[in-house]
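K.L.:
In our numbering, the protein residues as written are 371 to 766.
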């Protein structure tokens, strides 16, 4: 059954379960869990799947949950994915359901995502007799860290038999009721690095008897930016950021070592390789010129997120048929990283943007006062359920 024939039924079910989904979201928001710690969150997911009657398995990739809705009729297998982890941020919203865990907060909306996919599970379970094929629901841990929960779930068989994949993310910069898409490359890769600059410690009054790693580190911070501005093609998006500088204990002591930690984000694999080689070369140059030793540890992370044309068009067709053309928003590519891209390397995949802007606010993701509009949950349930129906259609 195609999405435009079943829309009113999906809308009715979503409206019926919306209050319960908001309660689930608020409960998860009050009890955030960081990457690979999502034990309670997974327990809520399992409780709701059991209530709905959807078969599932736990401890996939650690704290992940996989659920299956099998219609028993021939057709493709479509995977829908939500991430569950929170962030190490002290919440400042003052909401009645604000985080009860010091230093932890759902500041990216993964609580919304989890509640939304639970709602999708209930909708699709109810209408399964009218569908063909199979739906896999992936409740994923650890999207926010380099130790990717998607990768771990994939190693535990999360993609076995999957033909197509659909992800989603709320966006507080887009109005509620709007759904965004990015053709082609949608998000950036993310590679992390650590540079340890080792020198020789000594008294601040006698720097000539030392090898100063702070000067070496400061030189690198400035020089590495010239790789982007002077060595890479300016028509291609690349960003290098140093996020951590660690070193020194007292103002009158030149330390033995300084550590820099940062990320490189690009849209092309060739640029990832070129950036790593250039950073190594700059480290060698600083080592020679400043009498220090620079060691680079490079961790290749998630690849760029690329929208599969077929999955994207089917999803947006389902959204347009129900919400109208004015609900569609073609967004700009980003250098933000998303480990859903690892799934997209294996099967055709697309990530849908769901508007979550609260009227009168200008929220940002990863902010301590982040307050998305909870109406995004119902909209997400409807849009994703319709998209699943469309993707299960033989015409896709």
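Where is the CB? At the ideal position from N, CA and C, for every residue including glycine.
Roughly how many angstroms lie between the CA atoms of residue 382 and residue 415, to the nearest whole one?
P.N.:
As a first step, residue 382 must be located in the chain shown, where it is residue number 12. As a first step, residue 415 must be located in the chain shown, where it is residue number 45. Taking the straight line from one Cα to the other gives about 22 Å.
K.L.:
Tell me which residue opens and which closes the alpha helix (DSSP H) that residue 759 is part of.
P.N.:
Within the chain shown, numbered from 1, the residue matching residue 759 stands at position 389. From DSSP, the alpha helix (DSSP H) with residue 759 extends over 745 to 762.
K.L.:
Scan the region 584 to 640 and note each continuous beta strand (DSSP E) run of 3 residues or more that stays entirely inside, going in chain order.
P.N.:
The region 584 to 640 contains these whole beta strand (DSSP E) runs: 608 to 616, 627 to 636.
K.L.:
Between residue 742 and the rest of its own chain, which residues show a CB-CB distance below 7 Å, the 5 nearest in sequence each way excluded?
P.N.:
Taking the chain shown and counting its residues from 1, the one referred to as residue 742 is at position 372. Contacts found: 479, 482, 540, 542, 726, 728, 733.
K.L.:
Helix, strand or coil: which one does DSSP assign to residue 492?
P.N.:
Taking the chain shown and counting its residues from 1, the one referred to as residue 492 is at position 122. The answer is helix: DSSP assigns residue 492 an H, G or I state.
K.L.:
Residues in its own chain within less than 8 Å of residue 436 by CB, not counting five upstream and five downstream?
P.N.:
Translated into the one-based positions of the chain shown, residue 436 becomes position 66. 426, 427, 430, 506, 507, 508, 509, 523, 528, listed in sequence order.
K.L.:
Under 8 Å, with one C-beta from each stretch per pair, do the region 695 to 710 and the region 589 to 605 reach the 3-pair mark?
P.N.:
Cβ pair count under 8 Å is below three, so no.
K.L.:
Decide yes or no for the touch test of the region 556 to 574 against the region 615 to 634: beta carbon pairs closer than 8 Å, at least 3 of them.
P.N.:
Contact between the region 556 to 574 and the region 615 to 634 is present, because at least three Cβ pairs lie under 8 Å.
K.L.:
Give me the Cα-Cα distance between residue 475 and residue 575, rounded to the nearest whole angstrom.
P.N.:
Taking the chain shown and counting its residues from 1, the one referred to as residue 475 is at position 105. Taking the chain shown and counting its residues from 1, the one referred to as residue 575 is at position 205. Cα-Cα distance, rounded: 45 Å.
K.L.:
Residues in the same chain with beta-carbon distance under 8 Å from residue 491, minus the five sequence neighbours each way, listed in chain order, please.
P.N.:
What you label residue 491 is simply residue 121 of the chain shown in a count that begins at 1. Answer for residue 491: 418, 419, 422, 424, 437, 439, 507, listed in chain order.
K.L.:
Can you tell me whether residue 552 is buried or exposed? The criterion is at least 16 other CB atoms within 10 Å of its CB, across all chains shown.
P.N.:
On the chain shown, position 182 is the one that residue 552 refers to. Under this definition residue 552 is a buried residue.
K.L.:
Return helix, strand or coil for residue 544, following the three-state DSSP convention.
P.N.:
To locate residue 544, count along the chain shown from 1; it is residue 174. DSSP places residue 544 in strand when its eight states are reduced to three.
K.L.:
How big is the Cα-Cα spacing for residue 526 and residue 720?
P.N.:
The residue you call residue 526 lines up with position 156 of the chain shown. The residue you call residue 720 lines up with position 350 of the chain shown. Near 22 Å, if we compare the C-alpha coordinates of residue 720 and residue 526.
K.L.:
Between the alpha carbons of residue 636 and residue 737, how many angstroms are there, rounded?
P.N.:
Sequence index remark: in the chain shown, residue 636 carries index 266 (1-based). Sequence index remark: in the chain shown, residue 737 carries index 367 (1-based). Rounded to whole angstroms, residue 636 to residue 737 spans 24 Å at the Cα level.
K.L.:
Pick out the complete beta strand (DSSP E) segments inside the region 419 to 486, 3 residues or longer, and give them in chain order.
P.N.:
426 to 430, 434 to 440, 447 to 453, all fully within the region 419 to 486.
K.L.:
For the structure I just gave you, are there three or more beta carbon pairs, one from the region 510 to 520 and one from the region 404 to 414, closer than 8 Å?
P.N.:
Yes, the region 510 to 520 touches the region 404 to 414.
K.L.:
For residue 731, is the classification buried or exposed, using 16 other Cβ atoms within 10 angstroms of its Cβ as the cut-off for buried?
P.N.:
Numbered from its first residue, the chain shown carries residue 731 at position 361. The residue in question, residue 731, is exposed, as its Cβ has fewer than 16 Cβ neighbours within 10 Å.
K.L.:
What number of angstroms, rounded off, separates the C-alpha of residue 673 from the C-alpha of residue 604?
P.N.:
On the chain shown, position 303 is the one that residue 673 refers to. On the chain shown, position 234 is the one that residue 604 refers to. Computed Cα separation, rounded: 20 Å.
K.L.:
Could you check what DSSP says for residue 658 in three-state terms: helix, strand or coil?
P.N.:
Reading the chain shown from its first residue, position 288 is the one you call residue 658. The answer is helix: DSSP assigns residue 658 an H, G or I state.
K.L.:
What are the complete alpha helix (DSSP H) segments, minimum 4 residues, inside the region 678 to 703?
P.N.:
Segments of the alpha helix (DSSP H) lying fully in the region 678 to 703: 679 to 693.
K.L.:
Got a sec? Which residues, its chain only, sit under 8 Å from residue 639 by beta carbon, not counting five neighbours each side?
P.N.:
Position 269 of the chain shown, counting from 1, holds the residue named residue 639. Result list for residue 639: 559, 673, 674, in chain order.
K.L.:
Where does the unbroken alpha helix (DSSP H) through residue 670 begin, and where does it stop?
P.N.:
Counting from one through the chain shown, the residue named residue 670 turns up at place 300. Note, residue 670: premise wrong, no alpha helix (DSSP H); beta strand (DSSP E) at 663 to 672.
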